[in-house]
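Peer 1:
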Ligand code: CA
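Numbering (my numbering), first residue to last: 8 to 227.
#1: For the structure I just gave you, are there three or more beta carbon pairs, one from the region 70-79 and one from the region 43-54, closer than 8 Å?
#2: Quick check for students: name the residue ranges of the alpha helix (DSSP H) that lie wholly in the region 47-119, counting only runs of 4 or more.
#3: Three or more C-beta pairs under 8 Å: does that hold for the region 48-61 against the region 85-102?
#4: Give the DSSP-derived three-state secondary structure of residue 164 in the structure shown.
#5: By alpha-carbon positions, which one of 212, 82, 114 ends up nearest to residue 100?
#6: Pick helix, strand or coil for residue 182, following the three-state DSSP scheme.
#7: If contacts are defined as beta-carbon pairs under 8 Å, then residue 208 and residue 197 qualify, I think. What distance do you get, rounded to the angstrom?
#8: Do you know whose CA, among 87, 113, 122, 111, lies nearest residue 104's CA?
#9: When you measure from the CB of residue 183 to every non-hydrogen atom of ligand 1, does any distance come out below 8 Å?
#10: Closer than 9 Å, CB to CB, is residue 48 near chain D or not?
#11: Can you give the beta carbon distance from residue 108 to residue 85, rounded, assuming they're within the 8 Å contact cut?
#12: Under 7 Å Cβ to Cβ from residue 87, same chain only, skipping five residues before and after it: list those, please.
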């Protein structure tokens, strides 16, 4: 999954980016509100971590702007220690969840997993499609309960398709959600990842919908 981190403290932004990357997400960082606004409205994210105290444009202004513009991406706000009114304001303005500083990285990861899961309409923390199971908590994939070893890119492609199982996902959409902004994207490589996933998980697990993209059947 692809996450935007909007945080102006460089060390904290770096720690968040590292923790999220280790959990197999791709991350873009914005160090002020203007950059966050630009990225959130021009790039495709699966979740946003938004510090409310940002220079240039503050987090509450961004939240209001994005929700008014119909942006439905799940947003986890970071608030100053003990600032209960910030939490209330954040949620009333359109945040989906909040964390007060300081926080444990494990909690950020868990809350994001839950937000992403719910945003794609799934209640259970483990995703299961036929013989294939994906557990975002452990970044683990199994086929008939046997662990399957995947690269980071393969995991992100599979995770995105499984979160959106039952619908067709275009190559362009997949490409947007598996690479960070800085990455030199090539949508042809998506085909390579799909081919490798088919070798590892069975040739019919990911279906090609000609001219439209890929689909994992909800009941497969
Ligand atoms: Ca701040």
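Where a beta carbon is used, it is the ideal one built from N, C-alpha and C, also for glycine.
Peer 2: Answer, in terms of the structure:
#1: The region 70-79, when compared against the region 43-54, does touch it at the 8 Å Cβ threshold.
#2: List check, alpha helix (DSSP H) in window: 66-75, 91-100.
#3: Inter-segment contact for the region 48-61 and the region 85-102 is present: three or more beta-carbon pairs are separated by less than 8 Å.
#4: Here residue 164 is taken as the residue at index 157 of the chain shown, counted from 1. In this structure, residue 164 counts as helix in the three-state DSSP scheme.
#5: Here residue 100 refers to the residue found at position 93 of the chain shown. Looking at the Cα atoms, 82 is the closest of the given residues.
#6: Position 175 of the chain shown, counted from the first residue, corresponds to residue 182. Helix at residue 182.
#7: For the purposes of this step, residue 208 is taken as the residue at position 201 of the chain shown. For the purposes of this step, residue 197 is taken as the residue at position 190 of the chain shown. With 8 Å as the limit, residue 208 and residue 197 do not qualify as a contact, their Cβ atoms being about 16 Å apart.
#8: Position 97 of the chain shown, counted from the first residue, corresponds to residue 104. Among 87, 113, 122, 111, the Cα nearest to that of residue 104 is on 122.
#9: Working through the chain shown from its first residue, we reach residue 183 at position 176. Residue 183 Cβ: outside cutoff for every heavy atom of ligand 1.
#10: This model lacks chain D altogether, as it is built from one protein chain only.
#11: Locating residue 108 in the chain shown gives position 101, counting from the first residue. Locating residue 85 in the chain shown gives position 78, counting from the first residue. Indeed they touch by this definition, with Cβ atoms about 6 Å apart.
#12: The residue given as residue 87 occupies position 80 in the chain shown. The residues are 60, 93, 108.
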